[in-house]
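The block underneath contains the structure these notes are about, expressed in structure tokens.
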Amino acid sequence: MLNLTHKNVHNYFKLDGYHLNAADLCRIGYSFIKEGDAYERAIGEFFLDWFDHKDYIEMTTSGTTGLPKLVRLEKQAMIQSALATGDFFGLEPGNKALLCLPTQFIAGKMMLVRSLILGLELDVTLPSTEPLAYNNKQYDFVAMVPLQVQNSIEKLGNIKKLIIGGAKMDSALEEKLLPLKKTEIYETYGMTETITHIAAKKVGETAFTILPNVKIEKDDRGCLVIYVASISDEPIVTNDLVDLVNENQFVFLGRIDNVINSGGVKLIPEQIEAKLTGRITNRFFVTGVPDTVLGEKLILVIEGEKYDFSADFFDVLGKFEKPKEIVFVPKFKENENGKLLRKSSLKV
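So for the sequence shown, full-length UniProt numbering puts the first residue at 1; every next one is plus one.
Here's what the structure looks like:
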């Protein structure tokens, strides 16, 4: 285990049913780049990057912790991340996995790395919003973004362990997943800088539990600080407000970037949204907009056509949590991971 390098391919590894070594994968990589569809070209480029002489790969972050930027990820750190995932989720050589995420992003890349290092039998499919639509196979391990999960609920029984990341899972989706007892379903927490997830929680649970070899603390803003020695000598400082349960668990409260200061009262949109989940059928979010009196005023933004609310509709909210205005937007904007772009959506 300690001597693993990026040149190693586990002897249990399979790609679409075939045992392949590094040389095979490089040949497939060239073929994908030359003749494949867009998602296959991305896989081909990854294989050539992974097996080259460099000990790192370069990629652009999603912008979760700030503006998108080019980062250099050590291949050895990616291997250690794969091993930690295998340990945390109890993955074993020969387990069947599905890659249905775009390989341009870290989540897709790491499904390939996990398969190569842990010896998974990996199937590859087009990264669509309905990845299981024409697939009735049984899988031990699959990673999806929330929109893919939403569109695959009827077939999730074919998956033993499902991890969800890329965007925050809302309470409405979580409620739909709770009755699914055949599948172990986890929401994950992570970002490109941490080489995907560093923590996970089962649906229905409140606190995230960190993976092996991860340490956490809070800074003076109340935001999560992550230490992963295999990734970086420096702490990874996030903009995520958290409560620390203990040294191994934390509760995500919301993004400090989203906090609304309305008349001196600090409001966390994610907490207000949780109270409204299930009461509003359309997608929605709350945010702050400039106000001459309050500095910022809280507004509710709903996707779809305008409709009216009853007088007591917002009684579930605290005095300062009730929106001063309701805005209807025809269609929300999202990034490629399905993450809601709040500011861009308001500019429609």
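Heads up, the beta-carbon is just placed ideally off N, CA and C, and yes, glycines get one too.
According to DSSP, residue i sits in a beta bridge with which residue or residues?
i	result
lysine 202	Tyr186
glutamate 191	Note on identity: in this sequence residue 191 is methionine, with glutamate being the wrong assignment. Paired residues: Thr196.
residue 351	Nothing about residue 351 can be reported from this structure: the residues present for the chain run from 1 to 348 only.
cysteine 223	Leu241
leucine 340	Glu334
phenylalanine 252	Val242
leucine 122	Leu15 and Ala97
Whose C-alpha, out of the options, is nearest the C-alpha of residue i?
i	options	result
glutamate 334	Arg342, Val286 and Phe328	Arg342
serine 128	Pro146, Leu122 and Ser115	Pro146
threonine 125	Thr60, Asp37 and Met169	Asp37
leucine 112	Asp55, Trp50, Lys297 and Ser171	Trp50
glutamate 234	Lys215, Glu174, Phe250 and Leu244	Lys215
histidine 6	Gly190, Arg114 and Leu15	Arg114
Using the C-alpha atoms, what's the distance from residue j back to residue i?
i	j	result
threonine 209	asparagine 248	6 Å
lysine 324	valine 301	11 Å
lysine 339	serine 81	23 Å
aspartate 291	phenylalanine 309	23 Å
isoleucine 117	threonine 85	11 Å
threonine 65	serine 345	Residue confidence for threonine 65 is low, a pLDDT of 48 falling below 50, so the modelled location carries little weight and cannot support an answer.
lysine 218	leucine 244	8 Å
asparagine 258	isoleucine 272	12 Å
alanine 199	leucine 173	20 Å
Can you find the residues in the same chain that come closer than 6 Å, C-beta to C-beta, to residue i, ignoring five residues on each side of it along the sequence?
i	result
leucine 120	Asn95 and Ala97
lysine 160	Asp140
serine 152	Leu132
leucine 294	Ser262 and Gly263
proline 212	Ala84 and Asp87
Check whether the Cβ of residue i sits closer than 8 Å to any heavy atom of the ligand ZN, and report yes or no.
i	result
lysine 161	Questions concerning the ligand ZN fall outside what the structure shown contains, since it holds no ligand whatsoever.
Whose C-beta lies closer than 7 Å to the C-beta of residue i among residues of the same chain, with five residues either side of it excluded?
i	result
threonine 194	Ile226, Val228, Ile231 and Ile236
glutamine 148	Cys100, Thr129 and Pro131
lysine 107	According to the sequence provided, residue 107 is alanine. The question's lysine does not apply to it. Contacts found: Leu101, Ala143, Gly165, Gly166 and Thr196.
Beta-carbon within less than 8 Å of residue i's beta-carbon, same chain only, minus the 5 sequence neighbours each way: which residues are those?
i	result
isoleucine 256	Arg221, Gly222, Cys223, Asn239, Asp240 and Leu241
glycine 157	Leu180, Lys182 and Thr183
valine 9	Leu20, Asn21, Ala22, Leu25 and Leu116
At least three beta-carbon pairs within less than 8 Å, the stretch 94-104 to the stretch 34-42:
The stretch 94-104 is in contact with the stretch 34-42.
Sufficient close CB pairs (3 or more, under 8 Å) joining the stretch 276-283 to the stretch 304-318
By the Cβ criterion, the stretch 276-283 is in contact with the stretch 304-318, since at least three pairs of Cβ atoms, one from each stretch, lie closer than 8 Å.
Three CB pairs or more closer than 8 Å across the stretch 165-180 and the stretch 196-213:
Touching, per the Cβ criterion.
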